[in-house]
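Engineer: Structure in structure tokens, see below.
Numbering (the working numbering), first residue to last: 8 to 193.
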């Protein structure tokens, strides 16, 4: 495809602000895979993640005039994708910030026995929504616990607890997968 706007991101941004359909297509094509990955990290169902992504792109194009140039445009757009996913989760599911698993004994696996064969998305998909939201905001989006608390309307203590529990749950799932893989190989 011939690049219509040269190599300047500012030119693309100015055309996006003019609601230029060709510019919107270029921006979409450049970011759809990346933003779908972001959406999938919050929403386990692919079709729901795609719906959120489409809504996010619509919001990006509709509210592009509100981008003030503070920070990167891509970062601003990514935040819209994240917020769309959080809004979807809040409106379609009941999220409880309570521990839904019992603290359990984690098996010790010797490093030489570990098989590094896992899918990060599968690990995230197995987390409860409350854990996944806090984990993603903290680890992937680099939010502070105060920013997470403000975004999700929870306390910073709950944010810290949910992050700890998300890590523990992921560790437990990972170790269970490792045990199953070891059993397959022996």
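All C-beta atoms, glycine included, are put in the ideal place defined by N, C-alpha and C.
Check residue 130 in the structure and name its three-state DSSP category.
Structural biologist: Residue state, collapsed to three classes: helix.
Engineer: Does the count of Cβ pairs from the region 87 to 97 and the region 41 to 61 closer than 8 Å reach three?
Structural biologist: Touching, per the Cβ criterion.
Engineer: Distance, Cα to Cα, residue 118 vs residue 127?
Structural biologist: For residue 118, the predicted structure reports a pLDDT of 44, less than 50, and the residue's modelled location is therefore unreliable. The matter cannot be settled from this model.
Engineer: Looking only at its chain, what residues have a beta carbon closer than 7 Å to the beta carbon of residue 180, apart from the 5 residues adjacent to it on each side?
Structural biologist: Excluding residues within five positions, the ones whose Cβ falls inside 7 Å are 130 and 133.
Engineer: When DSSP labels each residue in this structure, what does residue 79 get in the three-state scheme?
Structural biologist: The answer is coil: DSSP assigns residue 79 none of H, G, I, E or B.
Engineer: Check whether the region 148 to 162 and the region 172 to 192 touch, using three or more Cβ-Cβ pairs below 8 Å as the test.
Structural biologist: These segments do not touch.
Engineer: Alpha carbon to alpha carbon, how far is residue 190 from residue 182?
Structural biologist: Residue 190 and residue 182: Cα-Cα distance of roughly 12 Å.
Engineer: To the nearest angstrom, how far is it from the Cα of residue 168 to the Cα of residue 97?
Structural biologist: Those two C-alpha atoms are separated by around 19 Å.
Engineer: Enumerate, from N- to C-terminal direction, the unbroken alpha helix (DSSP H) stretches of 4 or more residues contained entirely within the region 126 to 173.
Structural biologist: Runs found: 127 to 132, 136 to 142 and 152 to 159.
Engineer: So residue 23 packs on residue 30, CB below 8 Å; how close in whole Å?
Structural biologist: So it is a contact: roughly 5 Å between Cβ atoms.
Engineer: Near residue 19, which residues of its chain fall below 8 Å by C-beta distance, leaving aside the five closest residues on each side in sequence?
Structural biologist: Around residue 19: 12, 30, 33 and 34.
Engineer: How far does the alpha helix (DSSP H) with residue 71 in it reach, from first residue to last?
Structural biologist: Where residue 71 is concerned, there is no enclosing alpha helix (DSSP H), given that its DSSP letter is neither H nor E.
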